[in-house]
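*Asks:* Anchor point for the sequence shown: position 82 equals 82 in UniProt numbering, and the numbering is continuous, going up by one each time.
Dropping the structure in here first, questions after.
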Amino acid sequence: MRVLDECKALANETRLRILEWLKDPAANFPAAAGETAELGVCVGLIQQRTGSSASTVSAHLAILQRAGFLLATRRGQWTYYRRDDARIRAFTERLHRVL
Numbered sequence: 001m002r003v004l005d006e007c008k009a010l011a012n013e014t015r016l017r018i019l020e021w022l023k024d025p026a027a028n029f030p031a032a033a034g035e036t037a038e039l040g041v042c043v044g045l046i047q048q049r050t051g052s053s054a055s056t057v058s059a060h061l062a063i064l065q066r067a068g069f070l071l072a073t074r075r076g077q078w079t080y081y082r083r084d085d086a087r088i089r090a091f092t093e094r095l096h097r098v099l
C-alpha cells in the first residue's frame, strides 16, 4: 500500500484514538481482560468507547484493517481487533525514509 493511502487511513481523529486505545487494551478496555484478551478487543467495546454508531465504527475499523494497522479475529458472532504493531512500526520507518 502506498504511504499516501496509509496516511489517509490515519487522517481521522476517531481512527487515531482507536489505535491509541488498542495500544494498551487492558487499561482502555478493562472489560476485555478475560479469556478473549489474546484475540483483541471486541468491536462492541470499541463502539461503546467511541460513542458512535455500529456502522460508523465498523467503517473506521475496516479502513484501519485495509491499511494493515489492525488484525481482526472472528470468533462465533464476535469480531476482535488488535493492533499489528510490526506493521505500524514498518510504516513509521518507511515514512521516516520517504520524508
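By construction, the Cβ of each residue, glycine as well, lies at the ideal position given by its N, Cα and C atoms.
Which of helix, strand or coil does DSSP assign to residue 36?
*Replies:* Reading the sequence shown from its first residue, position 36 is the one you call residue 36. It is coil, neither helix nor strand.
*Asks:* Tell me the rounded alpha-carbon separation between residue 47 and residue 53.
*Replies:* Within the sequence shown, residue 47 is the residue found at index 47, counting from 1. Within the sequence shown, residue 53 is the residue found at index 53, counting from 1. The straight-line gap from Cα to Cα measures roughly 7 Å.
*Asks:* On the DSSP letters alone, give me the boundaries of the alpha helix (DSSP H) that residue 101 sits inside.
*Replies:* One cannot answer for residue 101 here, as it falls past the ends of the chain, which runs 1 to 99.
*Asks:* Looking at the unbroken alpha helix (DSSP H) that takes in residue 90, where does it start and where does it end?
*Replies:* In the sequence shown, counting from the first residue as 1, residue 90 sits at position 90. Where residue 90 is concerned, the enclosing alpha helix (DSSP H) stretches over 85 to 98.
*Asks:* How far does the alpha helix (DSSP H) with residue 59 in it reach, from first residue to last?
*Replies:* Translated into the one-based positions of the sequence shown, residue 59 becomes position 59. Here the alpha helix (DSSP H) through residue 59 covers 54 to 66.
*Asks:* Spatial neighbours of residue 88 within its chain, please: CB distance less than 8 Å, with the 5 preceding and 5 following residues excluded, ordered by chain position.
*Replies:* Locating residue 88 in the sequence shown gives position 88, counting from the first residue. Correct list, in chain order: 19, 69.
*Asks:* With distances taken between CB atoms, is the gap from residue 95 to residue 15 smaller than 7 Å?
*Replies:* As a first step, residue 95 must be located in the sequence shown, where it is residue number 95. As a first step, residue 15 must be located in the sequence shown, where it is residue number 15. No.
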